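These notes concern the structure reproduced below.
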Amino acid sequence: MSTVEDWTTHDTTAPAHEPLVIDDQDNQTFRVHRSAMTSAEVHRAEVERVFGHSWLYVGHESEVPKPGDFVRRNLAGRPIFMVRGAKSRDVNVFHNSCTHRGALVCRQDSGNSKVFQCFYHAWSFDSEGKLKGVPDREGYSNGLDFDRLSLAKVARVDSYRGFVFACFDADVVDLPTWLAGAKEYIDLVVDGCGGSVEIIKGTNEYSFDANYKLLIENSADGYHAASTHDTYFKYLVSIGTDLQGGVIGQAVKLGNGHAVIEYSAPWGRPVAKWEPLFGEDAKVEIDRIRAELTERYGAERAHKMCEVNRNLIIYPNLIINDIMAVTVRTMFSPAPNRVDVTAWELAPTDEVPSLRERRLDSFLTFLGPGGFATPDDVEALESCQTGFSSGGVEWNDISRGMGRGPMANDEQQMREFWRRWQQQMGDAADLGGAR
Ligand code: FES
Ligand SMILES: [Fe+2]
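Sequence positions in the sequence shown follow this note's numbering and run 31 to 465.
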């Protein structure tokens, strides 16, 4: 018989014979059991069932433009690296483990290299993963087939509009099917940037004490903006921004756990809505971009690109926030109550330097680890995680907006995420026999 301690790292007792997500359509209520954020056992199952079988964002093709360019990543806790093959020009994604006895073969975060030499016994591999060099090769009998000792590729790799994804499960559905309705929103982001985008060099990396799913919820949570980010709105007012319209919009289900909130908001957008913060001299360039987008995509789509903000959840752990800057961020919980976040800034490839500067400024001002938003959000999420440890309350309520057309400040986008999560996790009854 399992005990509560087997189940959870804190006090939240998992209810017997019930799923962790309760979607009660009859009563229009939606609940998530807090052990989804606190239990070591649920976390172990999540790593296997969710992260072992989902397409996960690895990086962007623009990060490895030339043959031999590479970036090292951590994909759901597993070391991997992405390298542009010298022969194929493909983006290869390898398990970062030497086929000899296991050491990491890529030990730098990024760079360019013809070969990746393992530092342990100096086996070396080329950018296609082929084993090229083995010191004292004659020490091996003819029975050993060196051709079979190439680096192992992650089971599936594919990209959409430059966004590279990989999956550890060879049997997963193809990437376009997986992305479902999210594709249209990636298109809006990329086309809104003129059709060609790049990740600006450099990353924001930070960690804090909360489960990663709290950050997924928070990344597309219109409800918290006014209360949590009061300081930012006061700042906008102080520099002359008109807050009259407020934050107005809707949530859209995109299938397979993906969802988006799209809304108008008082802040400016480098593509292509001017605000006082950008300075007078940016007006001309922003007007030019706007006219170009209207010409190319028509008034309606151009309006969506320029005026409408998007916080896009791509299940299970990618967020694209197309707001006062375009940030791409992934996150993973190495333990139930901890999250590691990596964020990048996406920009049009040929952006003029003055706008690039303002974009980076917007990125840092609001969304960077020391910006107006992130410290507030981290405080809120750590506070939730701490609150869970108090016990006494078993469930989070995520019902907001169930009785009406989903608004951007409702919680439908979170419910979409949780429904898919529950589906992948399966009935918790078989989680280590705890139920
Ligand atoms: S572990 Fe890499 S060469 Fe031995
Ligand atoms: Fe926030």
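Ideal Cβ placement from N, Cα and C applies to all residues, glycine included. All values derive from a computational prediction rather than experimental measurement.
Neighbourhood of PRO296 by C-beta, 7 Å cutoff - its chain only, sequence neighbours within 5 removed: LEU266, THR271, ASP272, LEU273, GLY275
Spatial distance of PHE468 from ASP156 (CA atoms): In the structure as shown, the chain begins at 31 and stops at 465. Residue 468 is therefore absent and cannot be evaluated.
MET112 versus PHE124: straight-line alpha-carbon distance, rounded: 6 Å
DSSP-derived helix/strand/coil call for CYS27: Past the edges of the chain, shown from 31 to 465, lies residue 27, and the structure says nothing about it.
THR357 CB to nearest heavy atom of ligand 2 below 8 Å: no
Distance cut-off 8 Å: VAL145 Cβ against heavy atoms of ligand 1: no
Cβ-based neighbour list, SER92, same chain, cut-off 8 Å, excluding 5 preceding and 5 following: GLY192, VAL227, GLU228, ILE229, THR379
Buried versus exposed call for ALA377 [16 or more other C-beta atoms within 10 Å across all chains shown]: buried
Beta-carbon proximity check, PHE176 vs ALA185, cutoff 9 Å: no
Buried or exposed (CB count within 10 angstroms, at least 16 for buried), HIS288: buried
Which listed residue (MET67, ASP311, ASP391, LYS117) has its alpha carbon closest to that of ASP239: MET67
HIS125 beta carbon near ligand 1 (any heavy atom closer than 8 Å): no
Segment contact flag, the region 439-457 with the region 86-101, C-beta cutoff 8 Å, min 3 pairs: no
Three-way DSSP call (helix, strand, coil) for PRO206 in this model: helix
Local conformation of GLU228 per DSSP, three classes: strand
Contacts around ALA438, its chain only, beta-carbon distance under 8 Å, and the 5 residues preceding and following it disregarded: GLY252, VAL277, ILE278, GLY279, GLN280, ALA281, ILE291, GLU292, TYR293
Straight-line gap, VAL187 to ARG64 (C-alpha atoms, nearest Å): 33 Å
Environment of MET361 [buried if 16+ CB atoms lie within 10 Å]: buried
Contact test: ALA106 Cβ vs ligand 1 heavy atom, cutoff 8 Å: no
Cβ contact (3+ pairs, closer than 8 Å) linking the region 415-424 and the region 315-327: no
Beta carbon of LEU342 nearer than 9 Å to that of ILE216: yes
THR357, buried or exposed, once every other Cβ within 10 Å from all chains shown has been counted against 16: buried
Alpha helix (DSSP H) runs contained entirely in the region 283-351, provided each spans 4 or more residues: 313-337
Reference ILE110; option with closest CA among ARG119, ALA133, LYS144, LYS117: ALA133
Other residues of its chain near ARG320: CB distance less than 6 Å, five sequence neighbours each side excluded: ALA302, CYS336
Beta-bridge pairing of PHE111 - partner residues as DSSP gives them: ARG102, PHE124
Buried versus exposed call for ARG445 [16 or more other C-beta atoms within 10 Å across all chains shown]: buried
Backbone secondary structure at GLN452 - three-state DSSP: helix
Buried or exposed (CB count within 10 angstroms, at least 16 for buried), GLU168: exposed
Where SER363 sits in the DSSP three-state scheme: strand
Distance CB(SER143)-CB(LEU181) smaller than 9 Å: no
Among GLU158, LYS96, LEU244, the one whose alpha carbon lies nearest that of ALA410: LEU244
Beta-ladder partner(s) of VAL187, from DSSP: ALA196
Enclosing alpha helix (DSSP H) for GLU71 [first to last residue]: 70-79
Inter-residue spacing [alpha-carbon to alpha-carbon] between GLY398 and CYS223: 21 Å
Residues of its chain near ARG137, where Cβ-Cβ distance is below 8 Å and the 5 sequence neighbours each way are ignored: ARG102, PHE149
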